[in-house]
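Below is one structure, written out as structure tokens; comments come after it.
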Amino acid sequence: MAKCDVCGKDIAFGIKVSHSHRRANRTWKPNIRRVKAIVNGSPKRIYACTRCLRSGKVTRAV
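If you count by my numbering, then the sequence shown holds residues 2 to 63, one letter each, in order.
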């Protein structure tokens, strides 16, 4: 679910560090939107990140 169908951006893993420098694993999820877009000439619902929507990589279907 948390993956962009256009650019392939996925969940990123890392370490959360508190003020006292205690470390814990965490994830960063991309900002994904389910949009109706033109794919191969026909409208289709896809998952696209907001960066792809902003940059114009996705043509929205009306």
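Think of the CB as a built atom: it goes at the ideal place given N, C-alpha and C, for glycine as much as any other residue.
Cβ contact annotation for C53 (same chain, cutoff 7 Å, sequence separation greater than five): C5, V7, C8, V59, in chain order. The three-state secondary structure of C5, taken from DSSP, is coil.
Buried is the label assigned to P31, since at least 16 other Cβ atoms lie within 10 Å of its Cβ. Here the alpha carbon of G42 sits roughly 18 Å from the alpha carbon of R35. Pairing I33 with G15, the inter-Cα distance amounts to about 19 Å.
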